[in-house]
Amino acid sequence: MDLFRSHVLVCGGTGCSSSGSAELIRLFEEDIAKAGLENEVKVVRTGCFGLCAMGPIVIVYPEGAFYSRIRPENVEEIVNEHLLKGRIVRRLLCSEAIEDETTTKSLDEVDFYKKQKRVALRNCGVIDPENIDEYIAFDGYRALGKVLTEMTPQEVIDVIKASGLRGRGGAGFPTGTKWQFARNAVGDKKFVCCNADEGDPGAFMDRSVLEGDPHAVIEAMAIAAYAIGSDQGYIYVRAEYPIAVKRLQIAIGQAREYGLLGKNIFGTDFSFDLDIRLGAGAFVCGEETALMNSIEGKRGEPRPRPPFPANKGLFEKPTILNNVETYANVAQIILKGADWFASMGTEKSKGTKVFALGGKINNTGLVEIPMGTTLREIIYDIGGGIPNGKKFKAAQTGGPSGGCIPASLLDVSIDYDSLIAIGSMMGSGGMIVMDEDNCMVDIARFFLDFTVDESCGKCTPCRIGTRRMLEILERITEGKGEPGDIEKLETLAKNIKATALCGLGQTAPNPVLSTLQYFRDEYEAHIYEKRCPAGHCKKLLRYTIDPALCKGCSLCSKVCPVGAITGELRKTFSIDPNKCIKCGSCMEKCRFNAISRK
Amino acid sequence: MKSLEELAAIRQRTLEGVNMRHDRHGTRIVVGMATCGIAAGARPVMMKFVEEIKKRNLQDVNVSQTGCIGMCELEPLVEVYMPGQEKVTYVKMTAEKASKVVNDHIVNGQVVSEYTIGNYKK
């Protein structure tokens, strides 16, 4: 590999790609060549750096200069100033990276990264995901080599068990135990599968791992295959992740070329190959049995368990299915040991967890924290708090299967068991932050709307039960809630939880139950007082003019698109609630703050 | 891939190229690369430093550039920051001098006083 004195790392994750990072790479290469630096400076497209809100992100090493929100017109300046003359363009640096007048912080000192611990994301934003050599340079495939030449399959499983690694897809089943079941199962053929069908609204952890470090998943699947005695794997990834799919295809091709997939890997008897199966984006296909049906070419519907996949999974053969992020931890555990991994996190939740931070938060993006970090640290220290000085109301974790954590529980430790105890769940890692303007009834309605849409329809409780719940929620948000609705929701929720076929159905009522637990007063305000405390539900809003403040200027009545505001000039105006369409134009226009919304 | 050695060889070969992508807290060699420095020949000096560090496989040493250090008549200027030590400034550097600085100062800890700014003034 040629030696370059400086590396320009440009994020090529989905977030930064959609804000134009491919164009930046092209311009950097062009301008660097123009400056005659093409033999000194290398441009590398990497995976996600995590701070997506500040994208496109460009990092220049060896200085570690952290540029954010780079536009095509900035490239020439960075090349001429920084790369040619060595003057960091401070104006374009991420504001968090600026220490004082003259010094800049290194990346690991920036608030967003300081409390993070990147294990699953260790290579994201560091290596070129389309170059297997760079993965190998950062210890890639050494774990596979170690496993194949020094360890027995049982020893591999023992290490994973001792590390305390639990499934990162949401339910948190101990990974080592799962592998043990599959190893113990009798079968002439066994399969290793990877669940990359990330479907929770707002979640993109798995996508970022696949985009930034695809070989980590491939290596871990080969290790798993050795441990359980399999020679064939499948990665089930949704077709809506085109960059992830492309990089996986490239990675698999390179691994085959190097003989890291295929026959007699590292000169041993072990052979393993891997294929990609594209999913069409049905949420239910993230459920393990439905996923296997889909790989088999059948309709993506769950099967009853038992038999569990470890005994009768894909094509009725013993199968293990792990999530992308789970796999991303495996090679590190083998290399650094179970004790290293177990030293991070809490007693029952070891290691780290990646979260996709979204919603009403300043630093939207991807964060990886040690288990046991508090929600407060994630939201205020890493996430940079709530925009516009608003108040934090709740965080939603676990997507449509999870629940809301209210402000009173901000100091809860983020680990599997603590989250279950307060009625939410870890989930795959989506974390949506809500402020005082979010209506909790509407949030519950949003998630139920999603579940109804995505229900596969195989079992009655989910197909019909969730729809009935949605209808009630819609009624409540439209101001047609009736006494008894809350109790009906609770009964339905209890029954669906007890009787639905698959995990997704069983957890579908959770958003309703948890909002009822912590925000019952909001439901009651909607039903009994016909008002939305957050001022969100349009049909419950009422615009009124305060006669004491109104000067009778008539601006509001001129701007009203439906003629709902009437009055005489220089006298008090009034709004006809029956005509008002609640567009808010009058409130914006009023110069005397006489119009209020309740 | 038939052996672990093969893997280790790829690893070694590539590592040198990607090693700089970490935050470093070790030795920093800073080369003045403003117009004055470049005109005086700073580029070959910097490339020599990069090359020497690679050749000797020195970890935790990085070479970066900076703007005008201020004494344009003494360019190319090079500053060496080692943790816990005072900054050393070398003046009128050349590629040959750069090799000696790496050998004596960076590797063996002996400042090459004949090239330093203090010595030049005398």
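Chains as they are written, first to last, in our numbering: chain P, 91 to 688; chain R, -8 to 113. Just so it is clear, CB atoms sit at the ideal spot from N, CA and C, and this is done for glycine as well. Predicted model only: the values in this text are computed from it and were never measured.
| field | Sequence-distant residues of its chain with Cβ nearer than 6 Å to residue 317(P) (five each side left out) | value | Mapped onto the first sequence, residue 317(P) falls at position 227. Closer than 6 Å at Cβ, skipping near neighbours: 243, 246, 247, 269.
| Three-state class that DSSP yields for residue 91(P) in the structure shown | In the first sequence, counting from the first residue as 1, residue 91(P) sits at position 1. The predicted model places residue 91(P) with a pLDDT of 49, which falls under 50 and marks its position as unreliable, so this point remains unresolved.
| Around the C-beta of residue 378(P), are 16 or more other C-beta atoms found within 10 angstroms, so that it is buried, or is it exposed? | For this step, residue 378(P) is matched to residue 288 along the first sequence. That one is buried.
| Nearest-angstrom Cα distance between residue 42(P) and residue 618(P)? | With chain P represented from 91 up to 688, any question about residue 42(P) goes unanswered, as that position is not in the structure.
| message | Can you pull out the residues from the region 398 to 411 of chain P whose beta carbon lies closer than 7 Å to at least one beta carbon of chain R? | response | Taking 7 Å as the Cβ-Cβ cut-off against chain R, none of the residues of the region 398 to 411 of chain P qualify.
| said: Closer than 9 Å between beta carbons: that is the criterion. Which residues of the region 36 to 49 of chain R meet it against chain P? | reply: The region 36 to 49 of chain R vs chain P, Cβ under 9 Å: 37, 38, 40, 41, 42, 45.
| task | Name the residue from 374(P), 360(P), 123(P), 343(P) whose alpha carbon lies nearest to the alpha carbon of residue 366(P). | result | Along the first sequence, one-based indexing puts residue 366(P) at 276. Of the candidates 374(P), 360(P), 123(P), 343(P), 343(P) places its Cα closest to the Cα of residue 366(P).
| Within chain R, partners of residue 239(P) - CB distance below 8 Å | As a first step, residue 239(P) must be located in the first sequence, where it is residue number 149. Within chain R, the residues whose beta carbon sits less than 8 Å from that of residue 239(P) are -5, listed in sequence order.
| task | Can you grab the Cα-Cα spacing for the pair residue 522(P) / residue 450(P), in whole Å? | result | Here residue 522(P) is taken as the residue at index 432 of the first sequence, counted from 1. Here residue 450(P) is taken as the residue at index 360 of the first sequence, counted from 1. So the alpha carbons of these two residues sit roughly 8 Å apart.
| To which residues does DSSP link residue 157(P) through a beta bridge? | For the purposes of this step, residue 157(P) is taken as the residue at position 67 of the first sequence. According to DSSP, residue 157(P) shares a beta bridge with 148(P), 183(P).
| message | Assuming residue 145(P) and residue 109(P) are in contact, meaning their beta carbons sit under 8 Å apart, how far apart are those beta carbons, in whole angstroms? | response | Numbered from 1 along the first sequence, position 55 holds the residue referred to as residue 145(P). Numbered from 1 along the first sequence, position 19 holds the residue referred to as residue 109(P). The pair is a contact, with the Cβ atoms about 5 Å apart (cut-off 8 Å).
| request: Can you give me the Cβ contacts of residue 102(P) inside the same chain, cut-off strictly under 8 Å, excluding the 5 residues immediately before and after it? | output: For the purposes of this step, residue 102(P) is identified with residue 12 of the first sequence, where counting begins at 1. Here the set comprises 111, 112, 115, 135, 136, 137, 219, 301, 333.
| request: Determine the direct distance from the alpha carbon of residue 477(P) to that of residue 91(P), and round the result to whole angstroms. | output: Numbered from 1 along the first sequence, position 1 holds the residue referred to as residue 91(P). Numbered from 1 along the first sequence, position 387 holds the residue referred to as residue 477(P). For residue 91(P), the predicted model reports a pLDDT of 49, less than 50, meaning its position is unreliable and no value from the coordinates is stated.
| Contact under 7 Å by Cβ, residue 425(P) with residue 233(P) | For the purposes of this step, residue 425(P) is identified with residue 335 of the first sequence, where counting begins at 1. For the purposes of this step, residue 233(P) is identified with residue 143 of the first sequence, where counting begins at 1. Taking 7 Å as the cut-off, the beta carbon of residue 425(P) is found closer than this to the beta carbon of residue 233(P).
| Beta-carbon spacing of residue 526(P), residue 481(P) below 7 Å | In the first sequence, the residue the question calls residue 526(P) occupies position 436. In the first sequence, the residue the question calls residue 481(P) occupies position 391. Yes, the pair counts as a contact, with Cβ atoms nearer than the cut-off.
| task | Assign residue 442(P) to one of two classes, buried (16 or more other C-beta atoms within 10 Å of its C-beta) or exposed (fewer than that). | result | In the first sequence, the residue the question calls residue 442(P) occupies position 352. Buried, by the Cβ-count rule.
| said: I'd like to know if residue 90(R) contacts chain P, where contact means its C-beta is closer than 7 Å to some C-beta of that chain. | reply: Your numbering for residue 90(R) matches position 99 in the second sequence. Not closer than 7 Å to any Cβ of chain P, the Cβ of residue 90(R) fails to qualify, so no.
| message | Output needed for residue 711(P): all residues of its chain with C-beta closer than 6 Å, excluding positions within five of it in sequence on either side, in chain order. | response | The requested residue 711(P) does not occur in the structure, where chain P is confined to residues 91 to 688.
| said: Using only CA atoms, which one of 370(P), 488(P), 362(P), 322(P) lies nearest to residue 335(P)? | reply: Position 245 of the first sequence, counted from the first residue, corresponds to residue 335(P). Ranking the options by Cα distance to residue 335(P), first place goes to 370(P).
| message | Could you pull the DSSP bridge partners for residue 327(P) from this structure? | response | As a first step, residue 327(P) must be located in the first sequence, where it is residue number 237. Bridge pairing for residue 327(P): 286(P), 368(P) [DSSP].
| Short CB-CB distance (under 7 Å) between residue 628(P) and chain R | As a first step, residue 628(P) must be located in the first sequence, where it is residue number 538. Under the Cβ distance rule, residue 628(P) does not count among the residues neighbouring chain R, no pair being separated by less than 7 Å.
| Run through DSSP, which three-state label would residue 494(P) get? | As a position in the first sequence, residue 494(P) is number 404, starting the count at 1. In the structure shown, the three-state DSSP call for residue 494(P) is strand.
| field | Per-residue burial, residue 550(P) [other beta carbons within 10 Å of its own, 16 or more giving buried] | value | Here residue 550(P) refers to the residue found at position 460 when the first sequence is read from its first residue. Residue 550(P) counts as exposed, since fewer than 16 other beta carbons sit within 10 angstroms of its beta carbon.
| request: Using alpha carbons as the reference points, say which of 633(P), 512(P), 469(P) lies closest to residue 669(P). | output: Locating residue 669(P) in the first sequence gives position 579, where the first residue counts as 1. Distances from the CA of residue 669(P) to each of 633(P), 512(P), 469(P) were compared; the closest alpha carbon is that of 633(P).
| Does residue 554(P) get closer than 7 Å to chain R when you measure Cβ to Cβ? | In the first sequence, residue 554(P) corresponds to position 464, counting from 1. The beta carbon of residue 554(P) sits no closer than 7 Å to any beta carbon of chain R.
| said: I want to know whether the region 391 to 405 of chain P touches the region 357 to 365 of chain P - three or more CB-CB distances under 8 Å. | reply: With a cut-off of 8 Å on Cβ pairs, the region 391 to 405 of chain P is not in contact with the region 357 to 365 of chain P, counting fewer than three such pairs.
| request: Could you please tell me which residues of the region 313 to 334 of chain P, in chain order, have their CB closer than 7 Å to any CB of chain R? | output: Listed in chain order, the positions of the region 313 to 334 of chain P with a beta carbon within less than 7 Å of a beta carbon of chain R would be empty, since no residue qualifies.
| query | For residue 81(R), which residues does DSSP report across the bridge? | reply | Against the second sequence, residue 81(R) aligns to sequence position 90. Secondary-structure assignment with DSSP links residue 81(R) through a beta bridge to 69(R), 107(R).
| If you draw a straight line from the C-alpha of residue 349(P) to the C-alpha of residue 341(P), how long is it? | Walking along the first sequence from the start, residue 349(P) turns up at place 259. Walking along the first sequence from the start, residue 341(P) turns up at place 251. Put simply, the backbone Cα of residue 349(P) is about 12 Å away from that of residue 341(P).
| query | Would the beta-carbon of residue 117(P) fall within 7 Å of that of residue 152(P)? | reply | Taking the first sequence and counting its residues from 1, one reaches residue 117(P) at position 27. Taking the first sequence and counting its residues from 1, one reaches residue 152(P) at position 62. Contact: no.
| Between the beta-carbon of residue 586(P) and the beta-carbon of residue 555(P), is there less than 7 Å? | Reading the first sequence from its first residue, position 496 is the one you call residue 586(P). Reading the first sequence from its first residue, position 465 is the one you call residue 555(P). Yes, these two residues count as a Cβ contact at 7 Å.
| message | Suppose you measure from the CA of residue 352(P) to the CA of residue 295(P); what does that come to, to the nearest Å? | response | Along the first sequence, one-based indexing puts residue 352(P) at 262. Along the first sequence, one-based indexing puts residue 295(P) at 205. Cα to Cα, residue 352(P) sits roughly 28 Å from residue 295(P).
| said: Classify residue 72(R): buried if its beta carbon has 16 or more other beta carbons within 10 angstroms, exposed otherwise. | reply: Numbered from its first residue, the second sequence carries residue 72(R) at position 81. Exposed: under 16 other Cβ atoms inside 10 Å.
| task | With 7 Å as the threshold, decide whether the Cβ of residue 91(P) is near any Cβ in chain R. | result | If you number the first sequence from 1, residue 91(P) lands on position 1. Any reading at residue 91(P) is ruled out, since the residue's pLDDT is 49, under 50, leaving its predicted position unreliable.
| field | Local conformation of residue 464(P) per DSSP, three classes | value | Within the first sequence, residue 464(P) is the residue found at index 374, counting from 1. Residue state, collapsed to three classes: strand.
| Which one or two residues does DSSP pair with residue 443(P) in a beta bridge? | Taking the first residue of the first sequence as position 1, residue 443(P) is located at position 353. Its beta-bridge partners are 459(P).
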